[in-house]
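J.: Just remember that the working numbering sits 21 ahead of the position in the sequence shown, which is counted from 1.
All residues carry an ideal CB built from backbone N, CA and C; glycine is no exception.
Pasting a structure here, questions to come.
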Amino acid sequence: MGNCPYFYSNFSTRVLQNGGQCGRLGGDMKFLITAGPTREALDPVRYLTNRSSGRMGYALAGAARHEGHEVILISGPTTLDVPAGVDFIPVESAQQMYDAVRDMVKYADAAILCAAVADYRPVAVQEQKIKKSGERLVIELEKTPDILGSMRDVFGFTGTLVGFAAETQNVEEYAQDKLRRKKCDMIVANDVSRHDIGFDSRENEVTLVYPDHVEYLEKDTKEHIALHIIEHATLIRHA
Ligand code: PMT
Numbered sequence: 022m023g024n025c026p027y028f029y030s031n032f033s034t035r036v037l038q039n040g041g042q043c044g045r046l047g048g049d050m051k052f053l054i055t056a057g058p059t060r061e062a063l064d065p066v067r068y069l070t071n072r073s074s075g076r077m078g079y080a081l082a083g084a085a086r087h088e089g090h091e092v093i094l095i096s097g098p099t100t101l102d103v104p105a106g107v108d109f110i111p112v113e114s115a116q117q118m119y120d121a122v123r124d125m126v127k128y129a130d131a132a133i134l135c136a137a138v139a140d141y142r143p144v145a146v147q148e149q150k151i152k153k154s155g156e157r158l159v160i161e162l163e164k165t166p167d168i169l170g171s172m173r174d175v176f177g178f179t180g181t182l183v184g185f186a187a188e189t190q191n192v193e194e195y196a197q198d199k200l201r202r203k204k205c206d207m208i209v210a211n212d213v214s215r216h217d218i219g220f221d222s223r224e225n226e227v228t229l230v231y232p233d234h235v236e237y238l239e240k241d242t243k244e245h246i247a248l249h250i251i252e253h254a255t256l257i258r259h260a
């Protein structure tokens with residue numbers, strides 16, 4: 022029991038009934054999960070990215086698998102090991118992540134978009150390494166495709182849709198707005214102005230924002246937070 026990274030004594034009676042062993046516990050859903058950062062190329066050796074380690078998304082994939090569900094994990098570059106038994110699609114850019122999600126979403130009945138996708142990318146990717154010249158360099162950026170915003174209206178996804186919201190202020194209010202605009206069933210909101218949670222940390226503290234109520238999950242490891250999120254997504258599906 023002690024070796025299972027997803028064992029959580031107060032969480033799942035199914036885990037307890039199973040003697041606390043990791044393994045398939047009868048989950049019947051197919052989860053599509055995005056994770057990690059994207060890289061938006063400037064030239065052959067440089068890119069724009071962010072501080073996402075991928076831990077939250079990989080924890081979600083591991084938790085869903087632990088609960089017995091099938092999982093497709095679409096991830097930007099990270100240094101993490103892919104959880105056992107998970108179908109894995111590595112990508113680099115926002116466009117590649119968009120294409121992978123578009124192609125795979127038909128196989129999913131729940132999607133959790135946890136990736137920290139770049140909102141902007143360079144308009145032009147230089148073929149050769151940009152040479153140092155002048156005191157300033159101006160780079161023109163354009164919007165990347167909005168994956169979460171495409172799920173319902175462009176990809177026609179009708180399953181359970183969970184988005185994340187990485188905010189530094191008005192966390193709950195912005196998450197409510199995102200929930201409505203992106204037609205999600207739930208938004209997992211985290212305060213990324215804090216260094217002890219969110220980006221590149223082992224723990225998180227989140228607010229689960231529903232259309233009619235919110236639920237606060239106190240600070241805990243990303244593995245434990247992930248188990249709660251998977252349980253909530255499962256309940257939405259079976260409501
Ligand atoms: O990877 P870790 O180090 O463990 O850190 C975890 C995390 C902080 C990255 C994670 O908890 C988190 O907050 N993920 C969402 C990060 C983000 O980009 O949030 P956002 O508020 O900018 O985006 C809102 C939603 O739209 C997200 O579901 C995002 O995946 C999605 N999005 C954003 C831009 C885009 N072009 N397409 C998208 O689908």
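#1: Note down, in chain order, each residue of its chain lying with its Cβ closer than 6 Å to the Cβ of Gln116, except the 5 sequence neighbours on either side.
#2: Going straight from the alpha carbon of Met125 to that of Glu156, what length do you get?
#3: Ignore the nearest five residues each way along the sequence and tell me which others in Arg45's own chain have a CB closer than 6 Å to its CB.
#4: Nearest to Lys199 by alpha carbon, out of Val213, Val183, Ser214?
#5: Would you say the beta carbon of Met77 comes nearer than 7 Å to a heavy atom of the ligand PMT?
#6: For Ala105, which of helix, strand or coil comes out of DSSP?
#7: Output the distance between the C-alpha atoms of Thr189 and Asn211, rounded to the nearest integer angstrom.
#8: On the DSSP letters alone, give me the boundaries of the alpha helix (DSSP H) that Thr255 sits inside.
#9: So which of Asp174, Gln147, Arg202 has the shortest CA-CA distance to Ala186?
#10: Rounded to the nearest angstrom, how far is the Cβ of Leu134 from that of Leu94, given a contact under 8 Å?
#11: Spatial neighbours of Leu229 within its chain, please: CB distance less than 7 Å, with the 5 preceding and 5 following residues excluded, ordered by chain position.
#12: Going by C-alpha to C-alpha distance, which of Tyr119, His245, Thr100 sits closest to Leu53?
#13: Going by CA-CA distance only, name the one from Thr99, Tyr231, Ala84 that's closest to Ser73.
T.: In this structure, then:
#1: For this step, residue 116 is matched to residue 95 along the sequence shown. Contacts found: none.
#2: Position 104 of the sequence shown, counted from the start, is the residue given in the question as residue 125. Position 135 of the sequence shown, counted from the start, is the residue given in the question as residue 156. About 45 Å.
#3: Position 24 of the sequence shown, counting from 1, holds the residue named residue 45. For Arg45, the pLDDT reaches just 44, beneath the cut-off of 50, and the residue's location in the model is therefore unreliable, leaving the point undetermined.
#4: Residue mapping note: residue 199 aligns to position 178 of the sequence shown, counting from 1. Answer by Cα proximity: Val183.
#5: On the sequence shown, residue 77 is found 56 positions in, with the first residue counted as 1. Answer for Met77: yes, Cβ within range of the ligand PMT.
#6: Indexing the sequence shown from 1 puts residue 105 at position 84. Correct three-state label for Ala105: coil.
#7: For this step, residue 189 is matched to residue 168 along the sequence shown. For this step, residue 211 is matched to residue 190 along the sequence shown. So the alpha carbons of these two residues sit roughly 8 Å apart.
#8: Numbered from its first residue, the sequence shown carries residue 255 at position 234. Looking at the DSSP string, the run of the alpha helix (DSSP H) that includes Thr255 is 243 to 259.
#9: Start at 1 with the first residue of the sequence shown, and residue 186 comes out as number 165. If we check each option's Cα against that of Ala186, Arg202 comes out closest.
#10: Taking the first residue of the sequence shown as 1, we reach residue 134 at position 113. Taking the first residue of the sequence shown as 1, we reach residue 94 at position 73. About 12 Å separates the two Cβ atoms, so there is no contact after all.
#11: Counting from 1 along the sequence shown, the entry for residue 229 is found at position 208. Closer than 7 Å at the Cβ level, and outside the excluded window around Leu229, lie Met207, Val209, Val235, Glu236, Leu238, His253.
#12: Within the sequence shown, residue 53 is the residue found at index 32, counting from 1. Residue Tyr119 is the option with its Cα nearest to Leu53.
#13: Position 52 of the sequence shown holds residue 73. Checking every option, the nearest Cα to that of Ser73 belongs to Thr99.
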